[in-house]
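Below is one structure, written out as structure tokens; the observations come after it.
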Amino acid sequence: MSVEHEIREEGGAKVVAFEGDIDLDGSPEARKVLLECIGGDKPVLVDLSKVGYIDSSGVASLVESFQKARKKGCAFALVSASEAVMRVLQLARLDKVFPIYDSVEEALAGIE
Amino acid sequence: MPVNEPDPAPPERPESISDHFELLAVMGQDFAATLDIEDTLKRALERITGHMKAAGGALFLLDEAGLTLTCQACSGETEITGLTLNSDQGIVGRCVQGNAGEIVRDVENDPNFDKSVDQTTGFTTRSILCAPMSVKDQRIGAIELVNKLGGDGLFMDSDLQLLQALSSSAGLAILNARMAEALVEQERVRRELELAAEIQRSLLPERRADDFPVYGVNVPARMVSGDFYDFFELGDGRICFNLADVSGKGMNAALLMAKTASLFRCLGKEIHDPGRLMARINEEICETASRGMFVTMVGGIYDPSSGVVRLANAGHEPPLFHDPEAGFTALPANAPPLGIPPLLAGEVGFEVEELRLNGGTLYIFTDGVTEGYLADGSELTSEGLMELMRQNKELPISRRVDAVIALIDHAGAALRDDITLLAIDDKGPMKIRMENGGAAREAEKESAASKSPGGDADRLLRLEFKSRPDRLKLVRAMVGETARACGSGENDVRDIIIAVDEACQNVIRHAYGNDPGGDIILEVVRYPGGIEFLLKDFAETVDPTKIKPRDLDDIRPGGLGVHFMREVMDEVEFLPLPREDKEAKDKEFVGGNLLRMLKRL
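Residue numbers (our numbering), protein chains in the order written: chain A, 1 to 112; chain B, 1001 to 1601.
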């Protein structure tokens, strides 16, 4: 599996930290983890600081999760996206659609 | 007659109008000689007040809406310049409303008399003489005189007659001055429009040598145009071109045109993918475009060395491709006009159409051409345009275009709309291509690989792997190192990795349907001008017309990858697998696909 994950609670939010590549190999797992996290009343923050690569299938998982979060009225944001991740989001024109923050603290302040 | 000479002494006997010809003449000359109406009015009022021996005088003008009267000039003992009354207020209001002059000898008891003015100025008004200024039915204002000097301090009927004559002459002068002012303003606007038109013309490309394959004409219907076209050469010999039509006419359309033209010129030098270029221009226009204005545009790149045109059409009239043998093909728009803001995630993709001109001509035009009136009053229509192009196909491109313009832009008739026509003629470049190697052209049809950029090919990498997702990390690492070895910068390396990774996963998911047992071959070839990536698979042949970058607002896996590839690479082609690759696999093999991508260095 090309991606690992860790879920922790921080400042009242659920932080899902991925490590590795969210590519064709890793995106089914990432999708499953994210969709399971969304549904409670806690905001979900996706920590991408240790993600070196994301492809279109990974982006699709993020979009699906974001859409589910919106339906459930749950805040959803991306945190610490690397340049490589930002480039793919930008190619998909999603860099202005997702709330994206530099750190978990900023995200917690921003989604208030 | 000297203008500023003191007024002659008034006669002692009862006055008649004819005794005042001199004053009328002086005033008339004053009004005729000046455009500074305020100053002239003040002087005229001083002359009238002095001549008629009044203690004070005031000249009121009615505002454009006819709602208020404002004191424009004063003379003598009262100074109320700037005082504004309702247009029916006071004796002056009554006089203007009734369009009749009057003498008020018992001011105190007049119901319309406004005491507040006296209270403010400290002046005691005893009698008032007031005459309206009007020309025909047009009310302009009134002149009011107060307190006759000497005698019983009261005005006489003959005073009223005289003031009426003087004030109607002043009214005419004011009207004339206003008209003159409007004319001056019109002239100023006309000169500014001329300047704007000149700047607009300077935005159009210069005329090139007769054998240059691109030629365009723009004729504005009014002074400034909402249409434009442009073309310029990129460093590698390709020609970037566009033609656009801004909604509406007049100055606002002309300004948006100037903005869009500048954006195209500036961004077109950096972004060589027409779809991406349109998307960028659209973002900029949407950010600031005024409400309800949009731009239809065809933009693209023509490569004279191959005859290939790649273009995107944002809501514009379909360009016509004329193949001298096969006839005309229309290329309808595949995206909405620029300036219409996208609803959610980014803009709709601007799909790029690829066209091989093969010695033919591409005509791009605004509807001012096809809807232009011929000398007999009928419209040219696109059939008419095609017929004309068929008849004139042997003429040089500039004469073919000029002939169309001459038909619509004929002497003595105003244009219905701006007319703009741009043509790309591949006849000359095709001849050069044939001379430079007709044989190579034949070979090109056989093998897609020979479409690669010229120069020595250097195969850097050949990788064979199974169609398994867990192989992609390795593929990315090797592609990244290979791109670095070619001297690509880190941003390009990152983009190349994205495109190749997406290409591989497309093969795994769509060609092989997630069967992990398929074979994939990736080759990376370096040319002096770029890096070529060839991705071969042995699945069933996929119909390339079904592979399309889909709309970005419909985020589902699949087409997004193709969109990434097209964004990042300079060329992306889906081709059948070449014969030698099939034979290398199996003598009897049928099917297979080749994806060719090129990144220019």
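All residues carry an ideal CB built from backbone N, CA and C; glycine is no exception.
_I'd like the ranges of any alpha helix (DSSP H) spanning at least 4 consecutive residues and lying wholly in the segment 1514–1601 of chain B._
1559–1568 and 1579–1585
_Residue span of the beta strand (DSSP E) that contains D1245 of chain B, given as start and end_ = Here residue 1245 of chain B refers to the residue found at position 245 when the second sequence is read from its first residue. Looking at the DSSP string, the run of the beta strand (DSSP E) that includes D1245 of chain B is I1239 to V1246.
*Below 7 Å CB to CB, which residues in the same chain sit around D1515 of chain B once its five sequence neighbours on both sides are set aside?*
Here residue 1515 of chain B refers to the residue found at position 515 when the second sequence is read from its first residue. Taken in chain order, the residues that qualify are S1467.
*asked:* On the DSSP letters alone, give me the boundaries of the alpha helix (DSSP H) that C1286 of chain B sits inside.
replied: Position 286 of the second sequence holds residue 1286 of chain B. Start and end: P1274 to T1288.
*Looking at the C-beta of E1502 of chain B, does it have a partner C-beta in chain A at a distance below 8 Å?*
Numbered from 1 along the second sequence, position 502 holds the residue referred to as residue 1502 of chain B. Taking Cβ atoms only, chain A reaches closer than 8 Å to E1502 of chain B, which makes this a yes.
*asked:* If you measure between the beta carbons of D1409 of chain B and V1224 of chain B, is that distance less than 8 Å?
replied: Taking the second sequence and counting its residues from 1, one reaches residue 1409 of chain B at position 409. Taking the second sequence and counting its residues from 1, one reaches residue 1224 of chain B at position 224. For D1409 of chain B and V1224 of chain B, no; Cβs fall outside 8 Å.
*Using the C-alpha atoms, what's the distance from G11 of chain A back to V46 of chain A?*
The count along the first sequence starts at 1 and reaches residue 46 of chain A at position 46. The count along the first sequence starts at 1 and reaches residue 11 of chain A at position 11. Going from the Cα of V46 of chain A to the Cα of G11 of chain A covers about 14 Å.
*If we call anything under 8 Å between Cβ atoms a contact, is M1027 of chain B one with S1169 of chain B?*
Taking the first residue of the second sequence as position 1, residue 1027 of chain B is located at position 27. Taking the first residue of the second sequence as position 1, residue 1169 of chain B is located at position 169. Yes, the pair counts as a contact, with Cβ atoms nearer than the cut-off.
*Per-residue DSSP class, three states only, for A1025 of chain B*: The residue labelled residue 1025 of chain B in the question sits at position 25 within the second sequence. Here A1025 of chain B sits in helix by DSSP.
*Sub-8 Å separation of E1540 of chain B and R1462 of chain B beta-carbons*: For the purposes of this step, residue 1540 of chain B is taken as residue 540 along the second sequence, with counting starting at 1. For the purposes of this step, residue 1462 of chain B is taken as residue 462 along the second sequence, with counting starting at 1. No, the pair does not count as a contact, with Cβ atoms beyond the cut-off.
_Using a Cβ-Cβ cutoff of 8 Å, what residues of the segment 86–108 of chain A are near chain B? List them in chain order._
R87, V88, L91, A92, R93, L94, K96 and V97
*Straight-line Cα distance separating D1570 of chain B from V1500 of chain B*: Taking the first residue of the second sequence as position 1, residue 1500 of chain B is located at position 500. Taking the first residue of the second sequence as position 1, residue 1570 of chain B is located at position 570. Computed Cα separation, rounded: 13 Å.
_Opening and closing residue of the beta strand (DSSP E) in which P1429 of chain B lies_ = For the purposes of this step, residue 1429 of chain B is taken as residue 429 along the second sequence, with counting starting at 1. Premise fails: P1429 of chain B lies in the alpha helix (DSSP H), K1427 to E1435, not in any beta strand (DSSP E).
*Does DSSP put A1483 of chain B in a helix, a strand or coil?*
As a position in the second sequence, residue 1483 of chain B is number 483, starting the count at 1. Looking at A1483 of chain B - three-state DSSP - the assignment turns out to be helix.
*Could you tell me which of A:I22, A:D41, A:E9 and A:A107 sits nearest to L89 of chain A, measuring between CA atoms?*
Counted from its first residue, the first sequence places residue 89 of chain A at position 89. The option with the nearest alpha carbon to L89 of chain A is A:I22.
*Identify whether I1140 of chain B lies in helix, strand or coil by the three-state DSSP scheme.*
In the second sequence, residue 1140 of chain B corresponds to position 140, counting from 1. Three-state result, I1140 of chain B: strand.
*asked:* Taking the beta carbon of E1270 of chain B as the centre, do at least 16 other beta carbons fall within 10 Å, making it buried, or is it exposed?
replied: Here residue 1270 of chain B refers to the residue found at position 270 of the second sequence. Label assigned to E1270 of chain B: exposed.
*How many whole angstroms separate the CB atoms of P1337 of chain B and T1296 of chain B, which I take to be in contact at a CB cut-off of 8 Å?*
Working through the second sequence from its first residue, we reach residue 1337 of chain B at position 337. Working through the second sequence from its first residue, we reach residue 1296 of chain B at position 296. Right, their Cβ atoms sit about 5 Å apart.
*When Cβ atoms are compared, which residues of the segment 7–29 of chain A fall closer than 8 Å to chain B?*
D21, D23, L24 and D25
*So which residues on chain B does D55 of chain A lean against when the C-beta distance must stay under 7 Å?*
For the purposes of this step, residue 55 of chain A is taken as residue 55 along the first sequence, with counting starting at 1. Near D55 of chain A (Cβ distances below 7 Å), the residues of chain B are D1501, E1502 and Q1505.
*Inspect the beta-carbon positions of R1471 of chain B and A84 of chain A and report whether they are closer than 8 Å.*
For the purposes of this step, residue 1471 of chain B is taken as the residue at position 471 of the second sequence. For the purposes of this step, residue 84 of chain A is taken as the residue at position 84 of the first sequence. In this structure, A84 of chain A does not lie closer than 8 Å to R1471 of chain B by Cβ.
_8 Å contact criterion, which E1102 of chain B and C1130 of chain B should meet: CB distance rounded_ = Indexing the second sequence from 1 puts residue 1102 of chain B at position 102. Indexing the second sequence from 1 puts residue 1130 of chain B at position 130. Contact flag correct, Cβ pair sits at about 6 Å.
*asked:* By the three-class DSSP mapping on this structure, what secondary structure does R74 of chain A have?
replied: In the first sequence, the residue the question calls residue 74 of chain A occupies position 74. Correcting the residue type first, residue 74 of chain A is Cys in the shown sequence and not Arg. Reduced to three states, the DSSP call for C74 of chain A is coil.
*Mark R1207 of chain B as exposed unless 16 or more other C-beta atoms lie within 10 angstroms of its C-beta, in which case mark it buried.*
In the second sequence, the residue the question calls residue 1207 of chain B occupies position 207. So R1207 of chain B counts as exposed.
*Could you check what DSSP says for D1501 of chain B in three-state terms: helix, strand or coil?*
Counting from 1 along the second sequence, the entry for residue 1501 of chain B is found at position 501. Reduced to three states, the DSSP call for D1501 of chain B is helix.
_Proximal residues of chain A, C-beta to C-beta of P1318 of chain B below 7 Å_ = Start at 1 with the first residue of the second sequence, and residue 1318 of chain B comes out as number 318. Those do not exist, as P1318 of chain B stays about 27 Å from chain A at its closest Cβ, beyond 7 Å.
*Where do the ends of the beta strand (DSSP E) carrying V1104 of chain B lie?*
Numbered from 1 along the second sequence, position 104 holds the residue referred to as residue 1104 of chain B. Note, V1104 of chain B: beta strand (DSSP E), E1102 to V1104.
*Per DSSP, L1459 of chain B forms a beta bridge with which residues?*
Taking the second sequence and counting its residues from 1, one reaches residue 1459 of chain B at position 459. First, the amino acid is wrong: residue 1459 of chain B is Arg here, not Leu. DSSP lists B:V1525 as partners of R1459 of chain B.
*Tell me whether E1144 of chain B is buried or exposed, calling it buried when 16 or more other Cβ atoms sit within 10 Å of its Cβ.*
By one-based count along the second sequence, residue 1144 of chain B stands at place 144. It is buried - the Cβ of E1144 of chain B has at least 16 other Cβ atoms within 10 Å.
*asked:* Taking 8 Å as the threshold (beta carbon to beta carbon), is P1337 of chain B in contact with chain A?
replied: As a first step, residue 1337 of chain B must be located in the second sequence, where it is residue number 337. With 8 Å as the cut-off, P1337 of chain B does not count as an interface residue toward chain A.
*With a cut-off of 8 Å, does the C-beta of L1472 of chain B fall near any C-beta of chain A?*
Residue numbering aside, residue 1472 of chain B sits at position 472 when the second sequence is read from its first letter. Cβ-Cβ to chain A under 8 Å: yes for L1472 of chain B.
*Is the CB-CB distance between A1279 of chain B and F1350 of chain B below 8 Å?*
Residue mapping note: residue 1279 of chain B aligns to position 279 of the second sequence, counting from 1. Residue mapping note: residue 1350 of chain B aligns to position 350 of the second sequence, counting from 1. Contact: yes.
*DSSP three-state call for T1068 of chain B: helix, strand or coil?*
Along the second sequence, read from residue 1 onward, the residue named residue 1068 of chain B stands at position 68. Reduced to three states, the DSSP call for T1068 of chain B is strand.
*Closer than 9 Å by beta-carbon distance: list the chain B residues that pair up with S2 of chain A, in chain order.*
Against the first sequence, residue 2 of chain A aligns to sequence position 2. The answer, in chain order, is P1469, D1470, L1472 and K1473.
_Backbone secondary structure at E112 of chain A - three-state DSSP_ = Counted from its first residue, the first sequence places residue 112 of chain A at position 112. Correct three-state label for E112 of chain A: coil.
*Compute the distance between the beta-carbons of L1045 of chain B and L1061 of chain B, then report whether it is under 8 Å.*
Within the second sequence, numbered from 1, the residue matching residue 1045 of chain B stands at position 45. Within the second sequence, numbered from 1, the residue matching residue 1061 of chain B stands at position 61. Result no, Cβ atoms of L1045 of chain B and L1061 of chain B do not sit closer than 8 Å.
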